[in-house]
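Encoded as structure tokens, the structure appears first; notes follow it.
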Amino acid sequence: MDVSVYQWQGTVVSLALLQLVRLQIKGLQLTCTLLAVILETCQSSPRIHLLASVHRCDRCVVFLFSTDHQKLEREARICRLLKHPNIVRLHDSISEEGFHYLVFDLVTGGELFEDIVAREYYSEADASHCIQQILESVNHCHINGIVHRDLKPENLLLASKLKGAAVKLADFGLAIEVQGDQQAWFGFAGTPGYLSPEVLRKDPYGKPVDMWACGVILYILLVGYPPFWDEDQHRLYQQIKAGAYDFPSPEWDTVTPEAKDLINKMLTINPAKRVTATDALKHPWICQRSTVASMMHRQETVECLKKFNARRKLKVSDSRCCCTRWGDPCVCSKKNHCSVAALLENLRDEVFVSKPLVHSADKGSKISQSQSQESSESANTTIEDEDVRARKQEIIKVTEQLIEAINNGDFEAYTKICDPGLTSFEPEALGNLVEGTDFHRFYFENALSKGKQPIHTILLNPHVHLIGDEAACIAYIRLTQYIDSNGMPRTMQSEETRIWHRRDSKWQNIHFHRSGSPTVPTK
Numbered sequence: 315m316d317v318s319v320y321q322w323q324g325t326v327v328s329l330a331l332l333q334l335v336r337l338q339i340k341g342l343q344l345t346c347t348l349l350a351v352i353l354e355t356c357q358s359s360p361r362i363h364l365l366a367s368v369h370r371c372d373r374c375v376v377f378l379f380s381t382d383h384q385k386l387e388r389e390a391r392i393c394r395l396l397k398h399p400n401i402v403r404l405h406d407s408i409s410e411e412g413f414h415y416l417v418f419d420l421v422t423g424g425e426l427f428e429d430i431v432a433r434e435y436y437s438e439a440d441a442s443h444c445i446q447q448i449l450e451s452v453n454h455c456h457i458n459g460i461v462h463r464d465l466k467p468e469n470l471l472l473a474s475k476l477k478g479a480a481v482k483l484a485d486f487g488l489a490i491e492v493q494g495d496q497q498a499w500f501g502f503a504g505t506p507g508y509l510s511p512e513v514l515r516k517d518p519y520g521k522p523v524d525m526w527a528c529g530v531i532l533y534i535l536l537v538g539y540p541p542f543w544d545e546d547q548h549r550l551y552q553q554i555k556a557g558a559y560d561f562p563s564p565e566w567d568t569v570t571p572e573a574k575d576l577i578n579k580m581l582t583i584n585p586a587k588r589v590t591a592t593d594a595l596k597h598p599w600i601c602q603r604s605t606v607a608s609m610m611h612r613q614e615t616v617e618c619l620k621k622f623n624a625r626r627k628l629k630v631s632d633s634r635c636c637c638t639r640w641g642d643p644c645v646c647s648k649k650n651h652c653s654v655a656a657l658l659e660n661l662r663d664e665v666f667v668s669k670p671l672v673h674s675a676d677k678g679s680k681i682s683q684s685q686s687q688e689s690s691e692s693a694n695t696t697i698e699d700e701d702v703r704a705r706k707q708e709i710i711k712v713t714e715q716l717i718e719a720i721n722n723g724d725f726e727a728y729t730k731i732c733d734p735g736l737t738s739f740e741p742e743a744l745g746n747l748v749e750g751t752d753f754h755r756f757y758f759e760n761a762l763s764k765g766k767q768p769i770h771t772i773l774l775n776p777h778v779h780l781i782g783d784e785a786a787c788i789a790y791i792r793l794t795q796y797i798d799s800n801g802m803p804r805t806m807q808s809e810e811t812r813i814w815h816r817r818d819s820k821w822q823n824i825h826f827h828r829s830g831s832p833t834v835p836t837k
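Per this note's numbering, residue 315 is the first one in the sequence shown, and the count goes up by one each step.
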């Protein structure tokens, strides 16, 4: 049976069962080997993969469970925009009775990097051909206003096991839509070793982040190891932000200057000066490979790449195991069912046994013990949890900016952060719902201290709940310290909840509820 699994991000919590099932979705009959791999993303969205052997058409069905329907629809919408021979194509997205199905190309060739190490011959020209296909897929994404944000070896698949099969870009779970060359802060997302300097600096970013990742991938394709590496993730990030890579001897001595030039253009720290996908495809090392790229077999690269593959597979199994290539399915005689132990035994050549799992009281989920260390143990892991943390920090930061505007009596700054239709419940309104900012203008102009006396505000226990990509709620206790008219230090306390909505890449406060003390000390 020809089987394949389409890769998605997630942390493997358990391998539940392996059995033969028959599905019929809108008339599309599929005989599948169902591997129930329960995945949990940062959105607490478990996903189940189907290994599909398709009788009527070459399709792979991905069976999704998620409470974040907006995110699933965005992912499907993005995939529908992309129709290119070097991108795993979405044929249909179906929602029935709370279950979600995405019907993709059946991709059976496994990972590109695994295929390379199995080749008898691999040269710089082969690397050029690989990166050309990757650049073609990225260029198609960028033309259609899509930034992938998670380019890495695990997401580079081969259409089939045939020699010369096309490279396919997969997994658009972190992809975003942008307008033209728009630069904005879309959150901290990606995989550590492939993150760009601007993302690590938390600067506005856009399409150039994909080109940086392409530079990292090309570097690995040529020598078998990454340009940035450190066991300590903080030091790794410092390397990336500084663009601290080189071309050491002897492995780089046999690489042509043109290949190094393209890498340098991709790994340019300034995103405005970084080469685009369109221009990279015009580079002589790409478009004139027959005369520019070396044809010498790179055995040392293959050996290094084998070690790199083994290391990243082990890292993935320790944290988020997203497998893209499996052996023949295990079929048991007893009701087509087998235990996890039997499954692992039959797939021992493909599955890496993970470290012991421990319970995390904070997240209510199981995590690997290795994840408690902030190191490159997770260097091959897509950081969506980092993205969530960064977005929550955004909400805390903009809330602090709003409080600062209030403390300073700066009504202009206050109105820039608040939506014109802001609604509020607060003690000053005597239990009434207030709409707009005119009610607050009176206090800014007549009652607020305007900074004449020192004021210090602390937000205690801020709790942020993200509502999709464009909204959030924050609840906190607000302690305000000030000096009264007698020169004595005083403290006021209030409990506040604020609702934020992002419009045009800017967060605006659209509603708040406050109980307790007035907003700030009066004159």
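Glycine included, each C-beta is placed from N, C-alpha and C at the ideal position. Please read these numbers as outputs of a predicted model, since none were measured by experiment.
If we ignore side chains and look at the alpha-carbon of each, how far apart do residue 444 and residue 582 end up?
Locating residue 444 in the sequence shown gives position 130, where the first residue counts as 1. Locating residue 582 in the sequence shown gives position 268, where the first residue counts as 1. If I take the Cα positions, the gap works out to 21 Å.
Hey, quick one: how far does the beta strand (DSSP E) through residue 791 stretch, first residue to last?
For the purposes of this step, residue 791 is identified with residue 477 of the sequence shown, where counting begins at 1. From DSSP, the beta strand (DSSP E) with residue 791 extends over 785-797.
Under the three-state reduction of DSSP, which class applies to residue 811: helix, strand or coil?
Position 497 of the sequence shown, counted from the first residue, corresponds to residue 811. If DSSP states are grouped into helix, strand and coil, residue 811 belongs with the strands.
Where residue 311 falls: helix, strand or coil (DSSP):
Past the boundaries of the shown model lies residue 311; the chain is included only from 315 to 837, so the question cannot be answered.
Whose CA, out of 521, 783, 551, 577, lies closest to the CA of residue 441?
In the sequence shown, the residue the question calls residue 441 occupies position 127. Ranked by Cα distance from residue 441, the options 521, 783, 551, 577 are led by 577.
Residue interval of the beta strand (DSSP E) (run including residue 526):
For the purposes of this step, residue 526 is taken as residue 212 along the sequence shown, with counting starting at 1. Annotation: residue 526 is outside any beta strand (DSSP E); the continuous alpha helix (DSSP H) that includes it extends over 522-537.
Kindly list the residues whose CB is nearer than 7 Å to the CB of residue 435, restricted to its own chain and excluding five residues on each side of it in sequence; keep chain order.
Here residue 435 refers to the residue found at position 121 when the sequence shown is read from its first residue. Closer than 7 Å at Cβ, skipping near neighbours: 611.
Identified DSSP bridge partners for residue 265:
In the structure as shown, the chain starts at 315 and stops at 837, and residue 265 therefore has no counterpart that could be examined.
When DSSP labels each residue in this structure, what does residue 804 get in the three-state scheme?
Working through the sequence shown from its first residue, we reach residue 804 at position 490. Here residue 804 carries a strand assignment [DSSP, helix/strand/coil].
Which of helix, strand or coil does DSSP assign to residue 623?
As a first step, residue 623 must be located in the sequence shown, where it is residue number 309. Residue 623 falls in the helix class under three-state DSSP.
Under a Cβ-count criterion, where at least 16 other Cβ atoms within 10 Å of its own Cβ denotes burial, should residue 756 be classed as buried or exposed?
Start at 1 with the first residue of the sequence shown, and residue 756 comes out as number 442. In the assembly as shown, residue 756 is an exposed residue. Its beta-carbon has fewer than 16 other beta-carbons within 10 Å.
Can you tell me whether DSSP reads residue 825 as helix, strand or coil?
Translated into positions along the sequence shown, residue 825 becomes position 511. The three-state reading of DSSP puts residue 825 in strand, counting E and B together.
Limits of the beta strand (DSSP E) - the one that residue 431 falls within
Here the question's residue 431 lines up with position 117 in the sequence shown. For residue 431, there is no enclosing beta strand (DSSP E); the residue is found in the alpha helix (DSSP H) stretching over 426-432.
What are the boundary residues of the alpha helix (DSSP H) that residue 585 is part of?
Within the sequence shown, residue 585 is the residue found at index 271, counting from 1. In the DSSP assignment, residue 585 falls outside any alpha helix (DSSP H), carrying neither H nor E.
Rounded Cβ spacing between residue 513 and residue 507 (contact assumed at less than 8 Å)
Sequence index remark: in the sequence shown, residue 513 carries index 199 (1-based). Sequence index remark: in the sequence shown, residue 507 carries index 193 (1-based). Rounded to the nearest angstrom, the Cβ distance from residue 513 to residue 507 is 12 Å, too far for a contact under 8 Å.
C-beta atoms of residue 450 and residue 573 nearer than 8 Å
Locating residue 450 in the sequence shown gives position 136, counting from the first residue. Locating residue 573 in the sequence shown gives position 259, counting from the first residue. Annotated as distal: residue 450 and residue 573, with beta-carbon spacing of 8 Å or more.
C-beta contact flag for residue 812 and residue 713 at 8 Å:
The sequence position of residue 812 within the sequence shown is 498, counting from 1. The sequence position of residue 713 within the sequence shown is 399, counting from 1. Contact annotation: residue 812 and residue 713 have beta-carbon atoms nearer than 8 Å.
State the start and end residues of the unbroken alpha helix (DSSP H) segment that holds residue 513.
Within the sequence shown, residue 513 is the residue found at index 199, counting from 1. Residue 513: member of the alpha helix (DSSP H) spanning 511-514, first to last residue.
Does the separation of the CB atoms of residue 457 and residue 491 fall below 8 Å?
Position 143 of the sequence shown holds residue 457. Position 177 of the sequence shown holds residue 491. No, Cβ-Cβ distance for residue 457 and residue 491 is not below 8 Å.
Are there 16 or more other CB atoms within 10 angstroms of the CB of residue 335, so buried, or fewer, so exposed?
As a working note, residue 335 is residue 21 in the sequence shown. In this predicted model, residue 335 has a pLDDT of only 33, less than 50, meaning its place in the structure is not dependable enough to derive any value.
Nonlocal neighbours in the same chain, by C-beta distance under 7 Å from residue 565, ignoring five residues either side
As a working mapping, residue 565 is identified with position 251 in the sequence shown. Taken in chain order, the residues that qualify are 537, 614.
Taking only beta-carbon positions, decide if residue 590 is within less than 8 Å of chain C.
Note that chain C does not occur in the displayed structure, where there is just one protein chain.
What residue range is occupied by the uninterrupted alpha helix (DSSP H) comprising residue 730?
To locate residue 730, count along the sequence shown from 1; it is residue 416. Looking at the DSSP string, the run of the alpha helix (DSSP H) that includes residue 730 is 725-731.
Cβ neighbour criterion (16 or more within 10 Å) applied to residue 562
What you label residue 562 is simply residue 248 of the sequence shown in a count that begins at 1. Classification of residue 562: exposed, given that the 10 Å Cβ count is below 16.
What is the DSSP secondary structure of residue 440, counted as helix, strand or coil?
Taking the sequence shown and counting its residues from 1, one reaches residue 440 at position 126. Three-state result, residue 440: helix.
Tell me which same chain residues have a C-beta within less than 7 Å of the C-beta of residue 551, skipping the five on either side of it?
Counting from 1 along the sequence shown, the entry for residue 551 is found at position 237. 514.
Provide the residue(s) that pair with residue 445 in DSSP beta bridges, ordered along the chain.
Position 131 of the sequence shown, counting from 1, holds the residue named residue 445. Looking at the DSSP assignment, residue 445 forms no beta bridge with any residue, so it has no partner.
Name the DSSP bridge partner or partners of residue 738?
For the purposes of this step, residue 738 is taken as residue 424 along the sequence shown, with counting starting at 1. According to DSSP, residue 738 bridges with 748, 826.
Element boundaries [alpha helix (DSSP H), containing residue 492]
The sequence position of residue 492 within the sequence shown is 178, counting from 1. Membership of residue 492 in any alpha helix (DSSP H) is not indicated, and neither H nor E is assigned to it by DSSP.
Helix, strand or coil at residue 417 according to DSSP, with G and I counted as helix:
For this step, residue 417 is matched to residue 103 along the sequence shown. In the structure shown, residue 417 sits in a strand (DSSP, three-state: E or B).
Contacts around residue 727, its chain only, beta-carbon distance under 6 Å, and the 5 residues preceding and following it disregarded
Counting from one through the sequence shown, the residue named residue 727 turns up at place 413. Closer than 6 Å at Cβ, skipping near neighbours: 719.
Residue 810: which of 803, 804, 407, 787 sits nearest, CA to CA?
Against the sequence shown, residue 810 aligns to sequence position 496. For residue 810, the closest of 803, 804, 407, 787 by C-alpha to C-alpha distance is 787.
Using CA coordinates, which residue listed in 385, 447, 407, 431 is at the minimum distance from residue 399?
What you label residue 399 is simply residue 85 of the sequence shown in a count that begins at 1. Looking at 385, 447, 407, 431, the one whose alpha-carbon comes closest to that of residue 399 is 447.
By DSSP's criteria, residue 401 is part of a beta bridge. Which residues make up the other side?
Here residue 401 is taken as the residue at index 87 of the sequence shown, counted from 1. According to DSSP, residue 401 bridges with 483.
Relative to the C-alpha of residue 416, which residue among 584, 386, 423 is closest?
As a first step, residue 416 is located in the sequence shown; it is residue number 102 there, counting from the start. The option with the nearest alpha carbon to residue 416 is 386.
How would you label residue 476, buried or exposed, when you count the other beta carbons within 10 angstroms and need 16 or more for buried?
Numbered from 1 along the sequence shown, position 162 holds the residue referred to as residue 476. Exposure of residue 476 is indicated by the presence of fewer than 16 other C-beta atoms within 10 angstroms of its C-beta.
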